[in-house]
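Enquirer:
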Amino acid sequence: MNRLSLIDLLWLVIRRDMLLAMRRRADVLTTLIFFVMVASLFPLGVGPEADMLRKMAGGVLWVAALLASMLSLPRMFSADHVDGTLEQIMLAPQSLTVMVLGKIVAHWMLSGLPLVLIAPVLGLQFDMSAAAIWTLMLALLLGTPVLSMIGAVGAALTLGLRGGGVLVSLLVLPLTIPVLIFGTGAVEAVNSGLDAVSNLALLGAFLLFALVFSPFVAAQALRISME
Amino acid sequence: MPSNPILEVSDLACERGEQRLFEDLSFAISSGELIRVQGENGKGKTTLLRTLCGFVQPVQGSVRWAGRDIHEWDDLFHSQMCYLGHANAIKDELSALENLQIGAGLTGVEVAETVALEALRRMGLRRREHLPVRVLSQGQRRRVALSRLLVGEAKLWILDEPLTALDVGAVELMQELIGEHLSKGGMAIFTTHQLLQVAGVEIRHLVLA
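Line order of the protein sequences matches chains V and U. The first sequence begins at 23 in my numbering and counts up by one. The second sequence begins at 84 in my numbering and counts up by one.
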């Protein structure tokens, strides 16, 4: 009988969550379709004036991404909690923090990465320039993992609570405001002919900070929720 | 107290909300012993088992494994125990084989496919190893969950209602498995409302009043 290393365990958790999602595609598609619908409603609502659409593009797409990522947060731990898998995970002699990190990575790959990839198509609806679209993608690439990491802490804290789905959004949304501000700021900077590096660097700093702390905090929150 | 105790419970008290479930509970279990936890519904049987796993912090007393509090070195403790709760901890979307291999992997144990297949066949799931669990009956799902006991090397089994949904044949198989586990130096604590007898083993009864 071999014991798995931490890297093997991390990969197993990611692979498992991806496999489950591939066999339950509706959950992944819901997030993506919600993002597309919300982002598409704005041009329909405010009219076809290209200048106005270009100005609001960054903000609208970021808010849509933020709301879409909230949809899948309550499911991050709840399915494993209901069927007893989470208890088994917590009994593992390996680090719970590593397992939580694996779940966060899988969550981002299933709900954040698709938004990054579909964003250029939606950017065209807003008549965004190529440079603005690239910046939007880069900002989402740095920002959406932070949303998953902050969300993991909220999802762990509200696990098993009645109305946890709504509660997690109320808890997490205020904490994501800095990501929204600097993500939108990066796109607006490009639109204004300025450099987006400072905004992107701050998003990168948020990402590193969240990467260091959020898996550990979420693991502790899970321990509290499971008592 | 049995000689050479390995898991020791001293003056344990647990509460749910404001309600005291049990208090002053002391017992020990060592190799080759089997304890059945009994009590009416709501008396704290599941809470006791979850406390022994380390999920629940007792309001008083301690649980010690090989002389040390389980919360002090729970990694070592958890590598030597296997817990099966009310829920089966299996995924409907995965096959029985995937569930067993991935489930064992999540507890840190790598299980070869041949070993997993053998365990599933021993549990009476021949020709169902590759079927999605959602098409299996409740009893078969429970068998998939119980097959985890066969692929690990845990000394201590903590089983919460392991016989739920099992037919007569599966109950007999479970009794056989527990007997084998005890004969190899293992120990088990379980709850059940059904009759469970293990040949050649005297079951100790722990009643939560």
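Just so it is clear, CB atoms sit at the ideal spot from N, CA and C, and this is done for glycine as well.
Assuming residue 114 (chain V) and residue 222 (chain U) are in contact, meaning their beta carbons sit under 8 Å apart, how far apart are those beta carbons, in whole angstroms?
Expert: No, residue 114 (chain V) and residue 222 (chain U) are not in contact; Cβ-Cβ is about 27 Å, not under 8 Å.
Enquirer: From residue 84 (chain U) to residue 261 (chain U), what distance separates their C-alpha atoms?
Expert: With a pLDDT of only 42 at residue 84 (chain U), under the threshold of 50, the placement of this residue in the model should not be trusted; the figure read from the coordinates follows. Computed Cα separation, rounded: 22 Å.
Enquirer: May I have the straight-line CA-CA distance separating residue 86 (chain U) from residue 105 (chain U), to the nearest angstrom?
Expert: Residue confidence for residue 86 (chain U) is low, a pLDDT of 47 falling below 50, so the modelled location carries little weight; the figure read from the coordinates is stated next. Their backbone Cα atoms lie some 25 Å apart in a straight line.
Enquirer: Roughly how many angstroms separate the alpha carbons of residue 205 (chain V) and residue 164 (chain V), rounded to a whole number?
Expert: Rounded to the nearest angstrom, the two C-alpha atoms are 9 Å apart.
Enquirer: Below 7 Å on C-beta distance, what does residue 126 (chain V) contact in chain U?
Expert: Under the 7 Å cutoff, chain U gives no residues; its nearest Cβ is about 16 Å from residue 126 (chain V).
Enquirer: Residues of chain V with CB closer than 7 Å to the CB of residue 158 (chain U), please, in chain order.
Expert: Correct list: 115.
Enquirer: Could you please give the first and the last residue of the uninterrupted beta strand (DSSP E) stretch that includes residue 276 (chain U)?
Expert: It is not in any beta strand (DSSP E) - residue 276 (chain U) carries neither H nor E in the DSSP assignment.
Enquirer: Whose C-alpha, out of U:163, U:169, U:259, U:164, is nearest the C-alpha of residue 104 (chain V)?
Expert: Nearest option by C-alpha distance: U:169.
Enquirer: Go to residue 148 (chain U), then tell me how far its beta strand (DSSP E) extends in each direction, as first and last residue.
Expert: From DSSP, the beta strand (DSSP E) with residue 148 (chain U) extends over 143 to 148.
Enquirer: Here's a check: name, in chain order, each residue in its chain whose Cβ is nearer than 6 Å to the Cβ of residue 126 (chain V), leaving out the five neighbours to either side.
Expert: Around residue 126 (chain V): 170, 171, 174.
Enquirer: How would you list, in chain order, the residues of chain V whose beta-carbon sits under 7 Å from the beta-carbon of residue 263 (chain U)?
Expert: Those do not exist, as residue 263 (chain U) stays about 17 Å from chain V at its closest Cβ, beyond 7 Å.
Enquirer: Does residue 176 (chain U) get closer than 8 Å to chain V when you measure Cβ to Cβ?
Expert: So yes, residue 176 (chain U) belongs to the interface.
Enquirer: Does the distance from the CB of residue 166 (chain V) to the CB of residue 134 (chain V) come in under 8 Å?
Expert: Yes, Cβ-Cβ distance for residue 166 (chain V) and residue 134 (chain V) is below 8 Å.
Enquirer: Do residue 233 (chain U) and residue 205 (chain U) have their C-beta atoms within less than 8 Å of each other?
Expert: Yes, the pair counts as a contact, with Cβ atoms nearer than the cut-off.
Enquirer: Does the distance from the CB of residue 87 (chain V) to the CB of residue 162 (chain V) come in under 8 Å?
Expert: Yes, they are a contact pair.
Enquirer: Which residues of chain V have a Cβ atom closer than 8 Å to the Cβ of residue 140 (chain U), listed in chain order?
Expert: Going along chain V in sequence order, the residues near residue 140 (chain U) (Cβ under 8 Å) are 249.
Enquirer: For chain V, check one thing: does any of its Cβ atoms lie closer than 8 Å to the Cβ of residue 95 (chain U)?
Expert: Not closer than 8 Å to any Cβ of chain V, the Cβ of residue 95 (chain U) fails to qualify, so no.
Enquirer: Just how far apart, CA to CA, sit residue 196 (chain V) and residue 138 (chain V)?
Expert: The alpha-carbon atoms of residue 196 (chain V) and residue 138 (chain V) are separated by roughly 22 Å.
Enquirer: Please report how far the alpha carbon of residue 200 (chain V) lies from the alpha carbon of residue 141 (chain U), in whole angstroms.
Expert: So the two alpha carbons sit approximately 41 Å from each other.
Enquirer: At which residue ranges does the segment 144 to 220 of chain V contain complete alpha helix (DSSP H) runs of 4 or more residues, listed in the order of the chain?
Expert: If we require 4 residues or more, the alpha helix (DSSP H) runs fully inside the segment 144 to 220 of chain V come out as 152 to 179, 186 to 194, 199 to 213.
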